[in-house]
Amino acid sequence: MGRSIPLRRVRNIGIMAHIDAGKTTMTERVLYYTGVSHKIGETHEGTSEMDWMDQERERGITITSAATTCFWQMNNENYRINIIDTPGHVDFTMEVERSLRVLDGAVAVFCSVGGVEPQSETVWRQANRYNVPRMAFVNKMDRTGANFENVVQQMRDRLNANPVRMQIPIGKEDHYKGAVDLVKMQAIVWKEENLGAEYEYVEIPEDMMEAAEAAREELVAAAADFSEDIMMKYLEGEEISEKELHDAIRQGTLDLEIVPVFCGTALKNKGVQPVLNGVVQYLPAPIDIPPVQGVTPDAFRRITEQHVEATEEDQMTRQADDDAPFSALAFKIMTDPYVGHLTYFRVYSGTLESGSYVYNSTKDQRERVGRILRMHANKREEIDDVLAGDIAAAVGLRNTTTGDTLCDENEPIVLEAMDFPDPVIEIAVEPNTKADQSKLSESLQKLAAEDPSFRVHVDDETGQTIIAGQGELHLEIIVDRLLREFKVEANVGKPQVSYREKITKEIEHRERYKKQSGGKGMFADVYLRIEPLEPGSGIEFEETIKGGSVPKEFFNAVEQGVREAAEGGVLAGFPLVDAKITLYDGSYHEVDSSEMAFKICSSIGFKKAARKAGAALLEPIMAVEIVTPEEFMGDVIGDLNGRRGNVLGMNPRSGAQVIDAEVPLSEMFGYSTDLRSRTQGRANYTMQFSHYDTVPKNIADEIIEKATGGA
Numbered sequence: 001m002g003r004s005i006p007l008r009r010v011r012n013i014g015i016m017a018h019i020d021a022g023k024t025t026m027t028e029r030v031l032y033y034t035g036v037s038h039k040i041g042e043t044h045e046g047t048s049e050m051d052w053m054d055q056e057r058e059r060g061i062t063i064t065s066a067a068t069t070c071f072w073q074m075n076n077e078n079y080r081i082n083i084i085d086t087p088g089h090v091d092f093t094m095e096v097e098r099s100l101r102v103l104d105g106a107v108a109v110f111c112s113v114g115g116v117e118p119q120s121e122t123v124w125r126q127a128n129r130y131n132v133p134r135m136a137f138v139n140k141m142d143r144t145g146a147n148f149e150n151v152v153q154q155m156r157d158r159l160n161a162n163p164v165r166m167q168i169p170i171g172k173e174d175h176y177k178g179a180v181d182l183v184k185m186q187a188i189v190w191k192e193e194n195l196g197a198e199y200e201y202v203e204i205p206e207d208m209m210e211a212a213e214a215a216r217e218e219l220v221a222a223a224a225d226f227s228e229d230i231m232m233k234y235l236e237g238e239e240i241s242e243k244e245l246h247d248a249i250r251q252g253t254l255d256l257e258i259v260p261v262f263c264g265t266a267l268k269n270k271g272v273q274p275v276l277n278g279v280v281q282y283l284p285a286p287i288d289i290p291p292v293q294g295v296t297p298d299a300f301r302r303i304t305e306q307h308v309e310a311t312e313e314d315q316m317t318r319q320a321d322d323d324a325p326f327s328a329l330a331f332k333i334m335t336d337p338y339v340g341h342l343t344y345f346r347v348y349s350g351t352l353e354s355g356s357y358v359y360n361s362t363k364d365q366r367e368r369v370g371r372i373l374r375m376h377a378n379k380r381e382e383i384d385d386v387l388a389g390d391i392a393a394a395v396g397l398r399n400t401t402t403g404d405t406l407c408d409e410n411e412p413i414v415l416e417a418m419d420f421p422d423p424v425i426e427i428a429v430e431p432n433t434k435a436d437q438s439k440l441s442e443s444l445q446k447l448a449a450e451d452p453s454f455r456v457h458v459d460d461e462t463g464q465t466i467i468a469g470q471g472e473l474h475l476e477i478i479v480d481r482l483l484r485e486f487k488v489e490a491n492v493g494k495p496q497v498s499y500r501e502k503i504t505k506e507i508e509h510r511e512r513y514k515k516q517s518g519g520k521g522m523f524a525d526v527y528l529r530i531e532p533l534e535p536g537s538g539i540e541f542e543e544t545i546k547g548g549s550v551p552k553e554f555f556n557a558v559e560q561g562v563r564e565a566a567e568g569g570v571l572a573g574f575p576l577v578d579a580k581i582t583l584y585d586g587s588y589h590e591v592d593s594s595e596m597a598f599k600i601c602s603s604i605g606f607k608k609a610a611r612k613a614g615a616a617l618l619e620p621i622m623a624v625e626i627v628t629p630e631e632f633m634g635d636v637i638g639d640l641n642g643r644r645g646n647v648l649g650m651n652p653r654s655g656a657q658v659i660d661a662e663v664p665l666s667e668m669f670g671y672s673t674d675l676r677s678r679t680q681g682r683a684n685y686t687m688q689f690s691h692y693d694t695v696p697k698n699i700a701d702e703i704i705e706k707a708t709g710g711a
């Protein structure tokens, strides 16, 4: 079909923010003003276009990144904007992470009252990691307590960002009228009668002229860093054109040096169109970002199987070009009630036609693309092909999962995949009937394919199905979907913490395994050194065998035995982590030694060694931020201390106190209800995983006894 809009006029952006900053409302306004939706959906009324799952509409929060395409006209040119709406709740940080992986730019939405909240900091750090250029929109300027300058300052202090004001507000709270455009040096006023679809430029109010000139001076000084022409004109007091300013601000934004800041109130339909202009003017097109990087499929297999680093020869890149070989990344899997399995993907290079075959280089499999859909929240439009820079959804990819690379079979590449965090909380799910059992496993498989930060396994001892996730809300929503969407009748257990085990000292251990049963016997002999590693290192295995005391063909079996034993732990059945195991000597028997013998021997040896190496229990510690009225401070802190919490600091924020603390996850179940009753419903909190730490001995003993049944 060919390209209707040149690549330089395509924008792939995300809208990111803290929960309640008004992000989904902002996206709704964008869809309304770009003509995609004919009526505005309100999140607080549960009619929002982007929040299309039942759970999202009920809770008024965005859980899954819905992708949508819209068009915006500026200077008589049409631009395609692909928007990914991302969740702001900490339990869904993974959704944000996978969206950022495929975006080129982002709009950060901040509440003018709450400012830069903890989740905003988390998402900002994620965007830094992926080098995503961004701009900011300070929303809810009509709210009591709105403070634009305060938010801009918080961006400097908390995010270490360099915000540059593109506008300053005219009035605030109930008197918020519009904004001064510091590039045009005119005021923008929105018309109430047509939901803010029209606005006009007028003279700047006299009482704001001084503030506007000072802010304009700052803007020009910031732009001068990215343009010698502006620098010269600025120093010589000459007139600077709008185009020169736009070009310099664009350069600074693409270089990740500055963040253009806009203001408004999406709910009251003021301030959205200038943000769309900003997206087009300052955020990158696919051709403005560095070529995507990957490795050859052979290198990918070597890296994943042998846990080695990629070499320079392994590296490959793909330019954003329709004529380059096809490459794309699958970033989300969804089950759609009408079309079934949907794979969202971002095209980095080349083109793909519906009905054609594509190579999944991650899985080394060919797949047929049935249909290609351009998505708008939960509506869809069928298209014939996709080109470089596009975001679309494919029907018919059976084996592709999140993070897989799709490419041209003759020019294969494996793009850098995404890292998914381990779950910190789990619950048992018991189906009510035999029929529910098969429905349950089928549904859980679908949900796990959609969300890689959610895991499912069956407990070997109890036979129970265990589901594990990133937090209570995360699991609540999965259980809710099981019951409602997949119609599974099941009983749900209480949430359990995902503990880990570690060793505390280095030791050496010899294990001999000898078994004679009738004919051929089994024999293996290994010398293992086991030592603790830094947190987050996982399990590392190394062999330093000299002189063939253990033949090469048994190394893999020893590593397998060690890794499987570590997975089951030695204290209470929890995975043992952060240890290095070295096979440094051993012996074998010409006839009786086998892979199985060495696997069993190293597994037994590892467990004995780990016990001798001072095995200890680790628990997840959560970073908790509580915002509470001053009068409840004492009560809230006393309660945190009772939960083995460690208060790190307290700061005033917009008439309330903010408490930062670290608390073990096991002490935080049901905390929201408890906090509400303690503070008459006036406090709220956010919580996210921070790190694993050693469990105090008396508590560890209880956990171990419970897990092992006192054995």
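Residues in the sequence shown are numbered from 1 upward in steps of one, following full-length UniProt numbering. From the three backbone atoms N, C-alpha and C, an ideal C-beta is built for every residue, glycine too.
By DSSP's assignment, P652 forms a beta bridge with Q657.
Nearest to Y671 by alpha-carbon distance, out of P412, G642 and R374, is G642. Runs of beta strand (DSSP E) with 3 or more residues, each lying fully within the stretch 160–214, are found at 163–165, 167–170, 178–181, 186–190 and 199–202, listed in chain order.
For P274, the uninterrupted alpha helix (DSSP H) run begins and ends at V272 to Y282, by DSSP.
Taking a cut-off of 8 Å on C-beta distances, the stretch 130–142 touches the stretch 253–268, as three or more cross pairs fall below it.
Contact annotation, D322 with L373: C-beta distance approximately 20 Å; criterion of less than 8 Å not satisfied. Note that the stretch 482–500 does not touch the stretch 509–523; fewer than 3 beta-carbon pairs, one per stretch, sit closer than 8 Å. Take G370, set aside five residues on each side of it, and the residues of its chain with a beta-carbon closer than 6 Å to its own are V395 and G396, in chain order. Note that the C-beta distance between Y282 and T253 is below 7 Å. Taking D390 as reference, the option from T69, V259 and R101 with the minimal CA-CA separation is T69. Here S354 is not near D314, since their CB atoms are 7 Å or more apart.
The continuous beta strand (DSSP E) containing G586 extends over residues A579 to S587. With fewer than 16 other Cβ atoms from the protein chains shown falling within 10 Å of its own Cβ, H691 counts as exposed.
Per DSSP, the beta-bridge partners of N139 are C111. Assignment of alpha helix (DSSP H) within the stretch 433–476, counting only whole runs of 4 or more residues, yields 434–450 in chain order. Here DSSP, grouped into helix, strand and coil, assigns R676 to helix. Our two residues, L219 and V164, have alpha carbons roughly 6 Å apart in a direct line. For A17, the three-state secondary structure derived from DSSP is strand. Sequence-distant Cβ neighbours of S549 in its own chain, meaning closer than 7 Å and more than five residues away, are D585, G586 and S587. Judged by DSSP secondary structure, F331 falls within the beta strand (DSSP E) whose first and last residues are S327 to D336. For A388, there is no enclosing beta strand (DSSP E), as DSSP gives it neither H nor E. Here the stretch 570–583 lies against the stretch 539–549, with 3 or more beta-carbon pairs under 8 Å apart.
In the three-state reduction of the DSSP assignment, N556 falls in the helix class, which pools H, G and I.
Annotation for I621: the continuous beta strand (DSSP E) segment containing it runs A616 to T628.
G271 is the residue among G271, D255, Q167 and E149 whose C-alpha sits nearest the C-alpha of W190.
DSSP links L640 through a beta bridge to no other residue. The Cβ-Cβ distance between K446 and N399 does not fall below 7 Å. Collapsing the DSSP output to three states places N150 in a helix.
The way I'd put it, the stretch 658–665 does touch the stretch 609–623; three or more beta-carbon pairs between them come closer than 8 Å. In the three-state scheme derived from DSSP, where H, G and I count as helix and E and B as strand, Q306 is classed as helix. It is roughly 6 Å from the alpha-carbon of Q496 to the alpha-carbon of I425. Y348 carries a strand assignment under DSSP once its states are collapsed to helix, strand and coil. In this structure, the straight-line span from the alpha carbon of V458 to that of I467 is close to 9 Å. Within the model, the alpha-carbon separation for F420 versus T304 is close to 15 Å.
Secondary structure of P532 (DSSP, three-state): strand.
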